[in-house]
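Protein chains in written order, with our numbering: chain A, 1 to 252; chain B, 1 to 268.
All C-beta atoms, glycine included, are put in the ideal place defined by N, C-alpha and C.
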Amino acid sequence: MKFLTAIIGHIGGTLLLLVSSLRYATTLPRQFPRFIEQCYLIGYTTLPIVTILTFFIGSVLALQSGYSMDNFGAKQFIGTLVGLTMARELGPVMVAILVAGRVGSAITAELASMKVYQEIDALRTMNIPPERMLVLPRLAAVLVMMPVLAIIANLCGWYGGALVCQYTHSISVDSEAYFTALKLYMKPRDIVDGLIKAEVFGFVIVLVCCYIGLSTRGGPREIGASVTKAVVTSLILILVLDYFVTKALLMS
Amino acid sequence: MTAPAFTSAPFVGKTFGVTVAHVTKKYGRTTVLTDINLEVQPGEIFCIMGPSGSGKSVLLKQIAGLEIPTSGEVHIGEFNASDPASRDQVHLALVFQAGALFNSLTVYDNLALYPREHRLCNEAGIRERVMHALQILSLEKAAGKFPADLSGGMKKRVAIARALVMEPQLLLYDEPTSELDPVMSATLTEIIATLREQNAVTSIVVTHDRDLAFNIADRIAFIMDGRIRGIGKPADFKQPKDPVIANFLNPVIDLKNPRFKQLENSHE
Numbered sequence: 001m002k003f004l005t006a007i008i009g010h011i012g013g014t015l016l017l018l019v020s021s022l023r024y025a026t027t028l029p030r031q032f033p034r035f036i037e038q039c040y041l042i043g044y045t046t047l048p049i050v051t052i053l054t055f056f057i058g059s060v061l062a063l064q065s066g067y068s069m070d071n072f073g074a075k076q077f078i079g080t081l082v083g084l085t086m087a088r089e090l091g092p093v094m095v096a097i098l099v100a101g102r103v104g105s106a107i108t109a110e111l112a113s114m115k116v117y118q119e120i121d122a123l124r125t126m127n128i129p130p131e132r133m134l135v136l137p138r139l140a141a142v143l144v145m146m147p148v149l150a151i152i153a154n155l156c157g158w159y160g161g162a163l164v165c166q167y168t169h170s171i172s173v174d175s176e177a178y179f180t181a182l183k184l185y186m187k188p189r190d191i192v193d194g195l196i197k198a199e200v201f202g203f204v205i206v207l208v209c210c211y212i213g214l215s216t217r218g219g220p221r222e223i224g225a226s227v228t229k230a231v232v233t234s235l236i237l238i239l240v241l242d243y244f245v246t247k248a249l250l251m252s
Numbered sequence: 001m002t003a004p005a006f007t008s009a010p011f012v013g014k015t016f017g018v019t020v021a022h023v024t025k026k027y028g029r030t031t032v033l034t035d036i037n038l039e040v041q042p043g044e045i046f047c048i049m050g051p052s053g054s055g056k057s058v059l060l061k062q063i064a065g066l067e068i069p070t071s072g073e074v075h076i077g078e079f080n081a082s083d084p085a086s087r088d089q090v091h092l093a094l095v096f097q098a099g100a101l102f103n104s105l106t107v108y109d110n111l112a113l114y115p116r117e118h119r120l121c122n123e124a125g126i127r128e129r130v131m132h133a134l135q136i137l138s139l140e141k142a143a144g145k146f147p148a149d150l151s152g153g154m155k156k157r158v159a160i161a162r163a164l165v166m167e168p169q170l171l172l173y174d175e176p177t178s179e180l181d182p183v184m185s186a187t188l189t190e191i192i193a194t195l196r197e198q199n200a201v202t203s204i205v206v207t208h209d210r211d212l213a214f215n216i217a218d219r220i221a222f223i224m225d226g227r228i229r230g231i232g233k234p235a236d237f238k239q240p241k242d243p244v245i246a247n248f249l250n251p252v253i254d255l256k257n258p259r260f261k262q263l264e265n266s267h268e
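Below is the structure:
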């Protein structure tokens with residue numbers, strides 16, 4: 001019962017943080033430098049790891065499916081499988097996981113440290129709401145950067161799959177056939193659905209990580225505990241939300 | 001370390017008195033403050049003294065509006081400190097015990113944050129305002145440094161300078177001389193007293209530094225176990241009748257019968 005009450009309390013706290021941040025939405029234009037800084041942190045610094053990981057995820061997907069689909073004589077559809085899987089599922093989910101690990105942890109560490117060392121209290125006494133200065137620019141930046149990262153993840157995954165198909169002797173599907181199959185059964189809607197999922201995951205990760213950071217109490221030890229809590233919560237939320245968002249998108 | 005040069009024109013602004021009425025603060029089942037009543041006059045330096053853990057800083061948080069009392073009210077002038085909308089009407093500055101400087105910003109940007117965020121003036125005006133505050137506290141050379149590069153004393157002075165940039169109507173200090181050597185402590189005492197002379201701003205100082213309180217306070221409140229034990233002028237506390245206050249202000253060091261041994265025995 002206590003656990004349930006705590007969860008409901010955290011959900012309420014997160015929603016309140018969202019509402020109080022959105023109240024300052026009109027101040028975003030004059031916070032442009034902060035917004036750009038956050039876009040850089042969320043997008044640019046995550047880009048190398050997203051590129052490398054999704055390239056190899058696409059490669060492994062092609063390798064595994066090539067091995068299995070060969071038994072059914074369906075090797076010509078590897079491009080479709082890799083394309084759809086990356087666009088609808090693995091692209092957005094992998095980007096979200098990487099953003100949670102790379103960016104979410106950094107956000108929580110920064111805000112928790114500001115809370116523990118009374119910088120947040122200092123902001124409040126200066127009548128500067130932390131929601132406006134610290135949360136809103138991050139939420140706006142993640143909304144802009146997640147689709148960009150997801151598109152790059154899709155492209156890397158697709159090209160990783162194409163390379164494996166072309167140069168793996170047991171598969172031997174050339175790039176032209178691979179991309180023809182990819183285009184044949186993929187609709188723009190598949191890519192849009194993936195981007196919507198990335199947006200939802202990114203927004204939730206940043207919101208939850210900000211909430212956990214700002215609710216940290218205690219000393220330096222609690223900063224570490226908050227970071228762990230933020231990353232674990234984000235990962236769980238990504239996978240739980242993945243099911244519900246996918247279901248909603250398929251039904252719509 | 002030389003005493004700072006107070007060469008600049010004083011900051012100006014309307015100042016407020018503070019009324020603390022029947023404030024009680026509980027964290028869960030623990031009561032930290034019990035029925036606190038205080039009346040701080042406009043322009044007064046009011047010191048809140050007491051041993052560590054007596055609830056001084058918690059009381060300061062209630063006055064600053066950082067926490068809401070479990071019961072009772074705090075008014076700054078006519079504004080209710082517990083109501084964010086009302087509290088926003090007051091220019092209040094709190095000098096935190098550890099400075100609470102923004103570590104990712106330089107000293108200059110720490111000071112410029114308030115006028116920038118509230119769009120009080122253009123960048124040239126902000127520069128003038130910031131350099132003025134830095135000059136008052138002899139910190140011009142530290143403008144480009146980050147807080148991590150400063151000594152404890154400099155951090156406290158930067159925190160005071162940041163408070164001055166806000167042109168506060170109420171200035172709160174949380175243990176301004178803690179963790180400082182005697183010379184730096186004396187310097188900060190001079191700074192606080194001189195700032196009050198120049199600004200006539202109401203100042204509430206939480207401290208357990210007897211010398212600081214006796215040198216700058218108009219009145220002192222002694223707090224113990226979350227209750228007000230006595231309020232009076234510094235002269236009243238120099239020879240206190242209350243044995244608890246006397247023991248705190250003039251502790252006798254008895255190496256033959258040490259205090260911690262007495263505590264150990266009382267626990268047994």
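Sequence-distant residues of its chain with Cβ nearer than 7 Å to residue 9/A (five each side left out):
none
What number of angstroms, rounded off, separates the C-alpha of residue 3/B from the C-alpha of residue 99/B?
At residue 3/B the pLDDT is 39, less than 50, meaning the model places this residue with poor confidence and gives no usable figure here.
Along chain A, in chain order, which residues have C-beta atoms closer than 7 Å to that of residue 166/B?
126
Count the other C-beta atoms from every protein chain shown that fall within 10 angstroms of the C-beta of residue 156/A, then say buried if there are 16 or more, exposed otherwise.
buried
Report all residues from its chain with a CB closer than 7 Å to the CB of residue 178/B; omit the five preceding and five following residues, and keep chain order.
97
Quick one, which of 174/B, 154/B and 214/B has its alpha-carbon nearest residue 207/B's?
174/B
Contact residues within the stretch 32-45 of chain A, judged by C-beta distance below 9 Å to chain B:
none
Determine the burial state of residue 209/B: buried for a count of at least 16 other Cβ atoms within 10 Å of its Cβ, exposed for fewer.
buried
Check the Cβ-Cβ distances between residue 131/A and every residue of chain B, and say whether any is below 7 Å.
no
Beta strand (DSSP E) runs contained entirely in the stretch 125-208 of chain B, provided each spans 3 or more residues:
170-174 and 202-207
Reduced DSSP category for residue 264/A - H, G, I as helix; E, B as strand; rest coil:
Since the first residue of chain A shown is 1 and the last is 252, residue 264/A is not available in this structure.
Which residues in the same chain as residue 272/B place their Cβ atom closer than 7 Å to its Cβ, once the five residues preceding and following it in sequence are excluded?
Here chain B comprises residues numbered 1 to 268, so residue 272/B is not present and cannot be evaluated.
If you check the beta carbons only, do residue 23/B and residue 36/B fall under 7 Å apart?
yes
Straight-line gap, residue 198/A to residue 95/A (C-alpha atoms, nearest Å)
7 Å
Within 7 Å of any Cβ in chain B, is that where the Cβ of residue 121/A sits?
yes
Run down chain A in chain order and give the residues with a C-beta less than 9 Å from the C-beta of residue 64/B.
121, 124 and 125
Going by beta carbon distance, what residues of the same chain come within less than 7 Å of residue 204/A, once the five residues before and after it are set aside?
237 and 241
Can the beta-carbon of residue 35/A be found less than 7 Å from the beta-carbon of residue 141/A?
yes
Enumerate in chain order the residues of its own chain whose CB-to-CB distance from residue 104/A is below 8 Å, with the five nearest sequence positions on each side excluded.
205, 206, 208, 209, 230, 231 and 234
Measuring only the C-alpha atoms, how far is residue 16/A from residue 122/A?
21 Å
Please work out which residues of its chain come closer than 8 Å, Cβ to Cβ, to residue 84/A, disregarding the five sequence neighbours upstream and downstream, and give them in chain order.
185, 186 and 190
Beta-carbon of residue 5/A versus every beta-carbon of chain B: anything under 7 Å?
no
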